[in-house]
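In the UniProt record's numbering, the protein residues as written are 1 to 286.
All C-beta atoms, glycine included, are put in the ideal place defined by N, C-alpha and C.
Taking it in order: structure first as structure tokens, then the write-up.
Structure representation (structure tokens):
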């Protein structure tokens, strides 16, 4: 299959125009990027933000984690009421210039792209070996999902809230999305992270995905308990590769998770022209 069939997904998820954004800083560190409707709306909080040619600066008198979190909660609630932000999700994401451990506050998950916050997720490839053939469990998202309804998805995938460990969140997502018991979920192997940065109509998504492989028993049958998945399919890895390369059936970032799996398991060949561009493109930074 043509390497361009895979590369197009990476290119779609790494396309943005810096000129469309103002940076949001705290103590000289960039913590987000804002499109015009949001940075204009923040003028209501003139005591909280100072504006200059570089961007907007969160003022130092918000001098505690709790005070900054409270400010962002007030902003989010107000901007939802004003129709600038679509909704409140209910999970708290870190506001940070680097990793989750450097968070200076938290903000509702739905606000993250409006503020250009780096968001974190976990995606798990559930696979089975049938002799020499690898098969992947693929989920189809429910038709009532707010984002990408009816699209294909990794067997387990979810956001990573601030106040939970990676191991605990992975166990929770495995149980909710595919009824993988904790004893089996604990066998998942961490295989690295993927990063991308994409502009949306409302903001910016500089996302980090923690990825995992979990080899499952041949008789394991996933089933969903939180209503997010319509069905699961066990597909040969060559068929999954074809779907990624030839179609747009997968939720956008799930393509990257599958491509990474194909690279690590040698199914995408390093002899193929464009291989290095593909691998490097899975780890874009801003």
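Rounded to a whole number of angstroms, what is the C-alpha to C-alpha distance between residue i and residue j?
| i | j | result |
| --- | --- | --- |
| residue 233 | residue 55 | 47 Å |
| residue 212 | residue 87 | 30 Å |
| residue 151 | residue 126 | 17 Å |
| residue 207 | residue 130 | 34 Å |
| residue 25 | residue 32 | 7 Å |
| residue 231 | residue 266 | 28 Å |
| residue 270 | residue 253 | 22 Å |
| residue 201 | residue 218 | 43 Å |
| residue 160 | residue 175 | 15 Å |
| residue 260 | residue 248 | 17 Å |
| residue 185 | residue 235 | 21 Å |
| residue 224 | residue 39 | 40 Å |
I believe residue i touches residue j by the beta-carbon criterion, under 8 Å. Please report the beta-carbon distance rounded to the nearest angstrom.
| i | j | result |
| --- | --- | --- |
| residue 279 | residue 263 | 6 Å |
| residue 177 | residue 229 | 6 Å |
| residue 283 | residue 194 | 7 Å |
The alpha helix (DSSP H) with residue i in it runs from where to where?
| i | result |
| --- | --- |
| residue 77 | 65 to 81 |
| residue 169 | 166 to 178 |
| residue 42 | Run containing residue 42: none; DSSP gives neither H nor E here. |
| residue 184 | 182 to 185 |
| residue 162 | Note, residue 162: premise wrong, no alpha helix (DSSP H); not H, not E. |
Following the continuous beta strand (DSSP E) through residue i, name the residue where it begins and the one where it ends.
| i | result |
| --- | --- |
| residue 190 | 189 to 199 |
| residue 34 | 29 to 34 |
| residue 287 | The displayed coordinates of the chain run from 1 to 286. Any statement about residue 287 would go beyond what the structure contains. |
| residue 159 | 156 to 159 |
With DSSP as the reference, identify every bridge partner of residue i, one or two as the case may be.
| i | result |
| --- | --- |
| residue 206 | 197 |
| residue 50 | 57 |
| residue 292 | No answer is possible for residue 292: it lies beyond the span of the chain, which begins at 1 and ends at 286. |
| residue 152 | 140 and 250 |
Ordered list of beta strand (DSSP E) runs contained in the region 91 to 146, each at least 3 residues: Taking only runs of at least 3 residues, the beta strand (DSSP E) segments lying wholly in the region 91 to 146 are 92 to 95, 105 to 108, 119 to 130 and 133 to 141.
Every unbroken beta strand (DSSP E) within the region 211 to 283, with a cutoff of 3 residues, ordered by chain: If we require 3 residues or more, the beta strand (DSSP E) runs fully inside the region 211 to 283 come out as 229 to 236.
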